[in-house]
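This report refers to the structure that appears directly beneath it.
Quick look at the structure:
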């Protein structure tokens, strides 16, 4: 997956970090101290769609199945989507002042690709 | 960028000059809250004792989590005397509320706290759990409903009672609230008794459309209960029962 660096407009991962202190959430979120709210942006030209490794998503698998059957969805646009997500462990207080530890799946976008 | 008619819902965001703008930040905040299954951020009105945090983190590292991932912190509402107690040194006795004809008031209930073997128990912590239900009419009266709950110890038949705990409760939705009763339960044990008679009064509940659920056969899942953490006072053996 590409990292967005402003040099081109291809599908890439834009990093976006939010410090919980700066938004005043550090009083109830104990850990971590911030969140990587990364997102995907950019264009997906035809040659980038379904590139193995960069977009090994379920969507890509479906499109490839159509292609193998000679039903290529030529008119289908390719999307810049998260292709790899990771879990984020959080330690925080809930409404009842319990300390809660939760592993939240698919919370952080690690990689983007075209599908 | 695909045209609107052919774009898919999962397409990435269009490139913007200022991704850290207010709307984006709000969207990320909402995303975090929704993933944590919360509507709003919790309202932390008083600082959390560091001892409580340390205890919780120790439990986390020791793997002493409940199935839902929560770590139980004793008495965070200002009674932090037992934070040093490790879980393996105490055991839990849970008793559900009962009522009978000797209790004259509808707000009266009692607990039979099992003490098999009549051991000399030391109560390290006891909390009464009460469920407060918001009536539909309460939802129309604004978002904050503050009521005062008083829990009395009551002598059955005699009618004399004294205040054990008084707590101001801020209700945003229906839910459980705890009331510390450590000293009262310890007194019951020290007298060799097993029965704890209580009378629960709520000031402002009726006006605010709030109903404290007491013993009600139609609402068993919200029956009040008492959680007692205790250990044998003389030899500190664990009491293996619930």
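Chains as they are written, first to last, in this note's numbering: chain A, -19 to 95; chain B, 121 to 362. From the three backbone atoms N, C-alpha and C, an ideal C-beta is built for every residue, glycine too.
Under 7 Å from the C-beta of residue i: neighbouring residues of chain B
{"i": "residue 7 of chain A", "result": "164"}
Where the beta strand (DSSP E) through residue i begins and ends
{"i": "residue 318 of chain B", "result": "315 to 323"}
{"i": "residue 69 of chain A", "result": "60 to 73"}
{"i": "residue 20 of chain A", "result": "19 to 21"}
{"i": "residue 345 of chain B", "result": "345 to 352"}
{"i": "residue 331 of chain B", "result": "330 to 333"}
{"i": "residue 168 of chain B", "result": "Taken as a continuous stretch (DSSP letters only), residue 168 of chain B belongs to no beta strand (DSSP E), as it is neither H nor E."}
{"i": "residue 3 of chain A", "result": "Here residue 3 of chain A belongs to no beta strand (DSSP E), and DSSP marks it neither H nor E."}
{"i": "residue -7 of chain A", "result": "-8 to -6"}
{"i": "residue 14 of chain A", "result": "14 to 16"}
Close Cβ partners of residue i (< 8 Å) along its chain, the five nearest in sequence each way excluded
{"i": "residue 268 of chain B", "result": "286, 287, 288, 289, 322, 323 and 324"}
{"i": "residue 214 of chain B", "result": "345, 346, 347, 348 and 362"}
{"i": "residue -3 of chain A", "result": "14, 15, 16 and 17"}
{"i": "residue 79 of chain A", "result": "10, 71, 72 and 73"}
{"i": "residue 338 of chain B", "result": "none"}
{"i": "residue 305 of chain B", "result": "233, 243, 246, 316, 346 and 348"}
{"i": "residue 295 of chain B", "result": "251 and 252"}
{"i": "residue 159 of chain B", "result": "153"}
{"i": "residue -1 of chain A", "result": "13 and 14"}
{"i": "residue 225 of chain B", "result": "319"}
Presumed contact (8 Å Cβ cut-off) between residue i and residue j, rounded CB distance
{"i": "residue 318 of chain B", "j": "residue 274 of chain B", "result": "7 Å"}
{"i": "residue 63 of chain A", "j": "residue 92 of chain A", "result": "6 Å"}
{"i": "residue 89 of chain A", "j": "residue 65 of chain A", "result": "6 Å"}
{"i": "residue 232 of chain B", "j": "residue 8 of chain A", "result": "Their Cβ separation, rounded to whole angstroms, is 38 Å, which puts residue 232 of chain B and residue 8 of chain A out of contact at 8 Å."}
{"i": "residue 227 of chain B", "j": "residue 320 of chain B", "result": "5 Å"}
{"i": "residue 283 of chain B", "j": "residue 270 of chain B", "result": "6 Å"}
{"i": "residue 161 of chain B", "j": "residue 5 of chain A", "result": "6 Å"}
Spatial neighbours of residue i in its chain, beta-carbon cut-off 7 Å, leaving aside the 5 residues before and after
{"i": "residue -5 of chain A", "result": "16 and 18"}
{"i": "residue 198 of chain B", "result": "Caution is warranted here: a pLDDT of 37 is assigned to residue 198 of chain B, below 50, making its placement in the model unreliable, and no coordinate value can be reported."}
{"i": "residue 75 of chain A", "result": "none"}
Span of the alpha helix (DSSP H) around residue i
{"i": "residue 90 of chain A", "result": "Element bounds for residue 90 of chain A: not the alpha helix (DSSP H) but the beta strand (DSSP E), 79 to 94."}
{"i": "residue 147 of chain B", "result": "142 to 155"}
Residues that residue i contacts on chain A, provided the C-beta gap is smaller than 7 Å
{"i": "residue 155 of chain B", "result": "84 and 87"}
{"i": "residue 285 of chain B", "result": "Those within 7 Å of residue 285 of chain B in chain A number zero; the least Cβ separation is about 17 Å."}
{"i": "residue 152 of chain B", "result": "15"}
Contact set between residue i and chain B, taken where Cβ atoms lie within less than 8 Å
{"i": "residue 73 of chain A", "result": "162, 164 and 168"}
{"i": "residue -19 of chain A", "result": "The contacting residues do not exist; residue -19 of chain A stays about 12 Å from chain B at best."}
Spatial neighbours of residue i in its chain, beta-carbon cut-off 6 Å, leaving aside the 5 residues before and after
{"i": "residue 342 of chain B", "result": "251 and 333"}
{"i": "residue 122 of chain B", "result": "At residue 122 of chain B the pLDDT is 42, less than 50, meaning the model places this residue with poor confidence and gives no usable figure here."}
{"i": "residue 33 of chain A", "result": "The pLDDT assigned to residue 33 of chain A is 48, lower than 50, so where the model puts this residue is not dependable; a value taken from the coordinates is nonetheless given after this. The answer is none, since no qualifying residue turns up."}
{"i": "residue 22 of chain A", "result": "-11, -10, -9, -8 and 60"}
{"i": "residue 82 of chain A", "result": "70"}
Beta-carbon neighbours of residue i, restricted to chain A and to distances below 9 Å
{"i": "residue 269 of chain B", "result": "Per Cβ cutoff of 9 Å: no residues; residue 269 of chain B is ~15 Å from chain A at best."}
{"i": "residue 214 of chain B", "result": "The contacting residues do not exist; residue 214 of chain B stays about 17 Å from chain A at best."}
{"i": "residue 145 of chain B", "result": "-2, 3 and 17"}
7 Å Cβ cut-off: residues of chain C touching residue i
{"i": "residue 176 of chain B", "result": "Among the protein chains in the structure shown, which are A and B, there is no chain C."}
Partner residues on chain A for residue i, Cβ-Cβ distance less than 8 Å
{"i": "residue 148 of chain B", "result": "-4, -2, 15 and 17"}
Subject >> Contained beta strand (DSSP E) runs [length at least 3] in the region 224 to 308 of chain B, N- to C-terminal order >> reply: 228 to 232, 241 to 254, 265 to 274, 281 to 291 and 295 to 300
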